[in-house]
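Everything on this sheet refers to the single structure shown next.
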Amino acid sequence: MTSSSSSAHQPLPADNKVVIFVKRPGENNAPTIDCFDVVPIDSPSEKDITSDQCIVRTLFLSVDPAQRCRMNPSTGVDYLGPYEIGEPVDGMEGVGVVERVGSACTLEVGDLVTGCIRLWTWTKYFVCDSSDLVKVNLPSSRNFSPSVILSCAGLSGITALLGIRKKALIDRSRPQTIVVSGAAGSCGSLAGQIARIEGCSKVIGICGSDDKCTVLKREFGFNDTINYKTENVSERLGHLAPEGIDIYWDNVGGVISDDVIRAMNNEGRVVLCGQIAVYNTDLPYPPPLPEHTTKIIKERNIQRERYLVLMYKDEIDEAVAQLSEWLQQDKIKVKETIYDGLNAAPSAFVDMMNGKNIGKMLIRP
Ligand code: NDP
1 MTSSSSSAHQ PLPADNKVVI FVKRPGENNA PTIDCFDVVP IDSPSEKDIT
51 SDQCIVRTLF LSVDPAQRCR MNPSTGVDYL GPYEIGEPVD GMEGVGVVER
101 VGSACTLEVG DLVTGCIRLW TWTKYFVCDS SDLVKVNLPS SRNFSPSVIL
151 SCAGLSGITA LLGIRKKALI DRSRPQTIVV SGAAGSCGSL AGQIARIEGC
201 SKVIGICGSD DKCTVLKREF GFNDTINYKT ENVSERLGHL APEGIDIYWD
251 NVGGVISDDV IRAMNNEGRV VLCGQIAVYN TDLPYPPPLP EHTTKIIKER
301 NIQRERYLVL MYKDEIDEAV AQLSEWLQQD KIKVKETIYD GLNAAPSAFV
351 DMMNGKNIGK MLIRP
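Each step along the sequence shown adds one to the number in UniProt numbering, with nothing skipped, and position 144 is 144.
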């Protein structure tokens with residue numbers, strides 16, 4: 001049995017709010033902030049929890065492209081259901097601190113906790129079964145913010161690490177060139193850095209602004225960058241990687257990916273991580289490729305299998321340990337774009353979809 005501190009019997013602050021899903025954008029439309037509403041709700045109290053439950057105060061909420069698929073009536077995937085109109089929005093993951101515990105709860109007041117899919121409602125205080133939460137410790141070497149649980153040692157980092165290890169198949173015996181699209185975002189910035197650690201000799205990032213290009217080179221150690229909004233991707237790839245591309249980390253799909261695949265070498269590998277360029281459409285996932293791209297993939301024997309991090313649940317703990325170690329050793333760097341207050345949550349989501357984030361998009365309620 002866990003004892004709670006004396007402050008644990010005080011009522012929690014009454015400033016609780018929750019983000020509600022109020023409108024589908026339509027399968028071929030970009031999401032807008034009026035798809036969401038933010039409404040005041042009561043903070044839970046000790047009488048609301050059973051013996052093995054606790055009350056969590058959210059510190060940071062993760063903002064993820066997969067939420068766009070949940071705004072459609074059908075997500076197209078079996079592991080994620082659609083958001084229901086009028087219901088609270090839940091995110092892919094969050095990090096928080098335990099504020100109140102039931103008498104048989106395995107957690108203690110003050111514990112830092114995380115949890116993923118379907119669990120983390122976009123609210124400040126919520127009741128949760130303790131068995132759905134994972135207690136986490138921040139890397140001890142420096143004064144890390146709890147946000148690194150999401151920006152490095154969470155879904156994005158795990159996706160990047162396991163994607164590189166399982167699907168990129170880096171051949172350390174010879175020079176390897178990787179191209180990363182969506183490179184300045186959360187998964188992409190980590191995938192590029194991890195590819196370098198794991199043996200790639202040249203890392204090229206594709207992203208949507210000159211500022212992002214600068215960050216990729218100066219802070220994340222990418223060799224070169226392409227701003228797909230102002231530069232011709234095919235021409236730039238020919239110039240930057242005349243040796244051809246061995247590995248393509250694909251976060252975006254669409255014409256950018258067609259251009260990259262056209263520049264790939266025989267026996268190349270595409271890590272099919274995501275296809276954000278088509279998330280505002282009604283195309284199935286993964287969307288069909290143009291005929292000429294399919295032909296290249298076949299003729300050059302390029303591997304391109306669907307990659308889903310959740311297929312590797314057993315390897316998550318090891319991945320988190322590796323990411324934490326690299327973070328402490330300064331071998332990988334993370335950037336975060338943080339929006340303050342739950343009222344800013346709709347903008348955070350819409351802005352992430354429009355490329356306003358560098359690194360991980362987070363909300364601090
Ligand atoms: P990011 O942090 O990368 O944010 C999304 C970025 O996508 C934006 O910043 C924007 O950057 C870019 N973008 C948006 N629209 C377009 C477009 N039309 N064309 C090109 N780029 C666009 O998000 P995440 O790191 O969280 O996710 C990256 C990808 O990884 C997504 O596709 C996501 O679905 C996928 N994913 C897959 C997982 C798996 O298990 N396979 C797990 C987690 C994520 P810019 O300024 O460069 O346009």
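Even for Gly, the Cβ is constructed at its ideal location relative to N, Cα and C.
Test item: CB-CB of residue i and residue j under 8 Å
i	j	result
Gly238	Val278	no
Ile55	Glu99	yes
Ala319	Ile158	yes
Arg70	Leu80	yes
Glu325	Ser147	no
Gln334	Cys187	According to the sequence shown, residue 334 is Val rather than Gln. No, these two residues do not count as a Cβ contact at 8 Å.
Val19	Leu327	no
Ala160	Ala184	no
Gly94	Gly115	yes
Pro346	Ile33	yes
Val101	Asp48	no
Phe60	Leu289	no
Phe220	Ser189	yes
Met92	Asp64	yes
Arg172	Gly199	yes
Ala14	Met353	no
Straight-line Cα distance separating residue j from residue i
i	j	result
residue 384	Leu133	Past the edges of the chain, shown from 1 to 365, lies residue 384, and the structure says nothing about it.
Pro11	Pro44	9 Å
Gly76	Asn28	14 Å
Thr106	Ala168	39 Å
Leu240	Lys229	17 Å
Asn16	Lys124	6 Å
Ser131	Val233	47 Å
Val136	Val113	5 Å
Ile226	Gly359	17 Å
Asn266	Asp246	8 Å
Gly96	Arg57	5 Å
Gln53	Gln193	39 Å
Ala66	Tyr248	21 Å
Arg306	Val271	8 Å
Asp340	Asp259	37 Å
Asp37	Val89	10 Å
Ile170	Arg269	9 Å
Residue i Cβ short of 7 Å to the ligand COA heavy atom set
i	result
Thr159	The model depicted lacks the ligand COA and carries the ligand NDP instead.
Three CB pairs or more closer than 8 Å across the region 268-276 and the region 196-214: no
Contact the region 283-293 vs the region 213-223: 3+ CB pairs below 8 Å: Not touching, per the Cβ criterion.
Contact between the region 162-176 and the region 306-320 (3+ Cβ pairs under 8 Å): yes
Completely contained alpha helix (DSSP H) runs for the region 224-303, where each covers 4 or more residues: 233-240, 254-262 and 291-299
Complete alpha helix (DSSP H) runs within the region 149-219 (minimum length 4 residues, chain order): 155-163, 186-197 and 210-218
Runs of alpha helix (DSSP H) lying entirely within the region 63-125, each at least 4 residues, in chain order: 66-70
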